[in-house]
Amino acid sequence: MKLAADCTDCLISRVEHESRLCIDDPLRVSEIVDACRNLLERISADPVPAPVIASRVHRLAYRMIGDPDPYRSLKKGNNADAAAVCRAVRGDLATFHDLALASVIGNTLDYGSQAHTVTDNFVEFFRREFAAGLTVDDTAAMEPLTSRVVYLADNCGEIVFDALFAEYLKKNGSNVTFVVRGAPILNDATMEDAVALGLDRRVDLLTPNTDGIAELGLNRDLAVPALADALDSATLVIAKGMANYESLSDDRDLPPVAYLMSVKCGPISAEIGIPVGSRVAVLRE
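All residue numbers for the sequence shown refer to my numbering, where the first residue is 293 and numbers rise by one.
Structure (structure tokens):
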């Protein structure tokens with residue numbers, strides 16, 4: 293999926309947000325925002341998926357901010373919120389469908405979209421959304437394809453639910469490769485976050501998407517060899533969140549892809565024809 297016109301303001305708003313998390317100087321924040329806007333104007337028409345462009349803009353922002361992980365404290369809070377929910381509801385998460393739904397609800401813990409607000413009461417929110425279920429539910433068609441799974445994770449917070457889902461898959465016979473970011477970007481999960489949850493012991497292979505480069509989604513040009521090999525033999529790719537969708541939606545050289553996400557913005561809504569606010573588990577074969 294290419295960068296849409298509406299993406300520009302959203303991306304720049306995220307640059308301003310992450311700058312303000314670290315810098316209490318409006319003039320310095322403005323300098324960073326202006327530099328990132330100038331970069332975006334130069335590269336926005338490049339024929340690459342939107343996450344490739346967004347990643348370049350965020351990497352410039354982080355260098356100018358002087359902090360490689362501006363969302364550090366928010367990520368810890370998201371994981372704590374998600375862990376509290378898991379303690380409360382884990383007994384209800386018994387099936388493939390239940391765990392897929394839980395991971396989609398966890399995808400709401402996201403600071404990557406200007407149009408989306410993270411809830412302050414995640415336990416209450418989770419119970420309400422779990423009862424409502426999925427807007428689009430292809431989970432019954434996904435489950436038989438799980439012999440060899442590449443699980444592309446997204447945000448902190450939701451990774452707590454992803455860990456439960458991945459563990460369920462492995463216990464039920466799947467070979468699971470679990471993929472996180474190669475370096476901090478937005479509030480996405482990294483190797484540090486995954487190891488803290490014991491994912492290195494709960495899946496067959498835990499790997500970053502890149503070798504130390506902060507990159508949203510899946511950029512095949514930057515993928516580490518272990519990830520490339522896992523994709524070649526996968527029977528199903530589970531792609532969490534919008535950046536992974538944007539990375540893969542035009543890539544036809546893949547096994548079946550299960551897109552699990554909350555639809556948080558207009559461009560994604562228009563692309564897949566599903567209203568903003570929907571919780572979806574969509575299979576593309």
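Think of the CB as a built atom: it goes at the ideal place given N, C-alpha and C, for glycine as much as any other residue.
Treat the numbers as computed from the prediction; the structure is a model and nothing was measured.
Remark: C-beta atoms of residue 498 and residue 347 do not approach each other more closely than 8 Å. 314 is the residue among 329, 337 and 314 whose C-alpha sits nearest the C-alpha of residue 363.
Contact annotation, residue 418 with residue 451: C-beta distance approximately 15 Å; criterion of less than 8 Å not satisfied. In this structure, DSSP gives residue 332 a helical state, which the three-state scheme calls helix. In the DSSP assignment, the residues bridged to residue 447 are 480. In this structure the segment 423-434 does not lie against the segment 479-496, because fewer than three pairs of beta carbons, one per stretch, are closer than 8 Å. Contact between the segment 464-477 and the segment 433-445 is present: three or more C-beta pairs spanning the two stretches fall below 8 Å.
Take residue 489, set aside five residues on each side of it, and the residues of its chain with a beta-carbon closer than 7 Å to its own are 451, 452 and 455, in chain order. Residue 528 has 441 as its beta-bridge partners, per DSSP.
Scanning its chain for C-beta atoms nearer than 7 Å, with the 5 sequence neighbours on each side dropped, one finds around residue 514 the residues 502, 505 and 507, in chain order. A buried status is given to residue 392, since no fewer than 16 other beta-carbon atoms sit within 10 Å of its beta-carbon. Here DSSP, grouped into helix, strand and coil, assigns residue 536 to helix.
Residue state for residue 469 is assigned as strand, using DSSP reduced to three classes. In this chain, the beta strand (DSSP E) harbouring residue 553 covers 549-554. Comparing alpha carbon positions, the residue from 337, 467, 431 and 330 closest to residue 350 is 330. For secondary structure counted as the beta strand (DSSP E) over 3 or more consecutive residues, the segment 318-404 holds no complete run.
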